[in-house]
Structures are given as C-alpha cells and as structure tokens.
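Working notes for the structure below.
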Amino acid sequence: MRGNQPALPRSFAPMRALQRLDLNANRLTSFPTGLDRNKNLKELTLSNNSIANLNTLPVLPSLEKLELIRNKIEVVPEAIKNLYGLKRLTLNYNSIHTVHPAIANLTVLEQLSFYQNKLTNIPEGVYNLPALREIDLYHNEIERIPDQISSLKKLEILYLSHNKLISIPHAIGSLHTLTELYLSDNRLMEIPAAITELKT
4 MRGNQPALPR SFAPMRALQR LDLNANRLTS FPTGLDRNKN LKELTLSNNS IANLNTLPVL
64 PSLEKLELIR NKIEVVPEAI KNLYGLKRLT LNYNSIHTVH PAIANLTVLE QLSFYQNKLT
124 NIPEGVYNLP ALREIDLYHN EIERIPDQIS SLKKLEILYL SHNKLISIPH AIGSLHTLTE
184 LYLSDNRLME IPAAITELKT
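Next comes the structure, spelled out in structure tokens:
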C-alpha cells in the first residue's frame, strides 16, 4: 500500500488476521485509526511519511517490529509504552531530541535504532531495557556516556560513530557481551583504557 492518499478507508481496520502491514511512502500524518483492532499485527512499516506526533500510538500487544524511518518525529512520548511487545524499533532519519522514560516499558526490545537524529544523550529509559542487544546511535549529538551503560547486560552491538563524545567511561568495560563497538568520527583524545577490559 505504497504511494496512496493520506486517508485510509474505514474498512481497513477490522483485518483481525493481519500480521504484516507496509504503508511505506504515503502521505500519512498520523497513525491509521483503528489499528488497535488488529490484535495479531506483528510488523508495521510507516517509513517515508509525514508523521510528527506519536501521542496516538495504539495498543498493539502482538507488534514485534515497528519502522518509522524518515518521518517528522521530534519526541518519542509516553505512549510508546503501549507497544510493550516490540522487539525491534527503528526511528532513523527523524529529528528526535527527546525520548520519554516510558520506553523502559519495552522489556523485550532487542534492537533499537535512532540513526540520524538530534539526541544529545542516550535516553534514560534505555538503561532499563533488559533484552537489548543492539543500539544504533550513529549521527546524533551525544556528548557523553553515563555509567548506567553497564546495566545493559545483553548488549552486543553499540553504534556511536559521528557524535560529540570526548571520553568513554570506565563502566563500558563491564559490557561483557559486547562484540562490536563503533566510535569513529567523535572527539576522543585517547583510546579509552576501559575498552581493553571488553571480553569479546
């Protein structure tokens, strides 16, 4: 359903057996009404639209994958907690500068991507995501990594290239599951000693 009109027909909502929905490259400005009736929906793609407000995020208990690449999002609101079954959340190429701590409600989230946004720090709620294995923060404006990074016990891949980091905390050495760490194009003056403690 690509390249269509902004409004979807009301008959769209009652597709209760629907598991995957691709609405890429349309002219949507908000989430389609009635999506919450699709209790079996597992994958939803809304990339390349004009969605700016996520306050109307529906409760979709079965949703595992959500892509909102290239929209007009600036804030990830408290409503993100409605998607508590998510395993993969991709928000690349937006203008996100604020993420509500309620993102911590996504306790089964494994992959999180904020590539090319306007974050100045790693969102606080991220440190409470016990299943997180990969986080992509390429091309943001992050200046520091707090010690809370050590709470991500399952983290395997961390992308932090093209930010404004001047140092890396010693706590990063406690990420014993980390196998890939990307730190190119920052402002680091020395190789962080903590990296030698990573058991990869």
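Using the numbering used here, the first residue of the sequence shown is number 4, and each one after it goes up by one.
Think of the CB as a built atom: it goes at the ideal place given N, C-alpha and C, for glycine as much as any other residue.
Fair warning: this is a prediction, and the values are worked out from it, not measured in the lab.
Scanning L66, V102, T32, I198 for the CA closest to the CA of T123 turns up V102. By the neighbour-count criterion, in which 16 or more other beta carbons inside 10 Å mark a residue as buried, H142 falls on the buried side. DSSP places D39 in the helix class (H, G or I) of the three-state scheme.
Apart from sequence neighbours up to five positions away, the residues of its chain that approach N189 with a beta-carbon distance below 6 Å are N166, L168, ordered along the chain. Taking every protein chain shown into account, the CB of E70 has 16 or more other CB atoms within 10 angstroms, so this residue is buried. Taking R91 as reference, the option from K45, H100, E113 with the minimal CA-CA separation is E113. Non-local C-beta neighbours of Y130 in its own chain, meaning closer than 6 Å and more than five positions away in sequence, comprise Q151, S154, ordered along the chain. Under the DSSP assignment, R190 falls outside any beta strand (DSSP E); it carries neither an H nor an E label. Non-local C-beta neighbours of R73 in its own chain, meaning closer than 6 Å and more than five positions away in sequence, comprise S50, N51, Y96, ordered along the chain. L94 and T199 have their C-alpha atoms roughly 32 Å apart. Looking from the CA of I160, the closest CA among S65, N120, L115, L31 belongs to L115.
Assignment of beta-bridge partners to R23 by DSSP yields E46.
Assignment of E127 by DSSP, reduced to helix, strand and coil, places it in the helix class. Apart from the 5 residues on each side of it in sequence, L89 sits with its Cβ closer than 8 Å to the Cβ of L66, E67, K68, L69, L109, V111, L112 in its chain, given in chain order. The beta carbon of P126 is closer than 7 Å to those of V102, I106 in its chain, skipping five residues each way along the sequence. Take I83, set aside five residues on each side of it, and the residues of its chain with a beta-carbon closer than 6 Å to its own are A105, I106, in chain order. Secondary structure note for L31: it is in no beta strand (DSSP E), with a DSSP letter that is neither H nor E.
Counted as a single uninterrupted DSSP element, the beta strand (DSSP E) harbouring D139 occupies residues 137–139. When the five nearest sequence neighbours on each side are left out, the beta carbons in the same chain lying within less than 6 Å of the beta carbon of N120 are those of N97, I99, N143, in order along the chain. Contact between L86 and L60 holds: CB atoms are separated by about 6 Å, below the 8 Å threshold. Only buried fits T48, as 16 or more other CB atoms lie within 10 angstroms of its CB.
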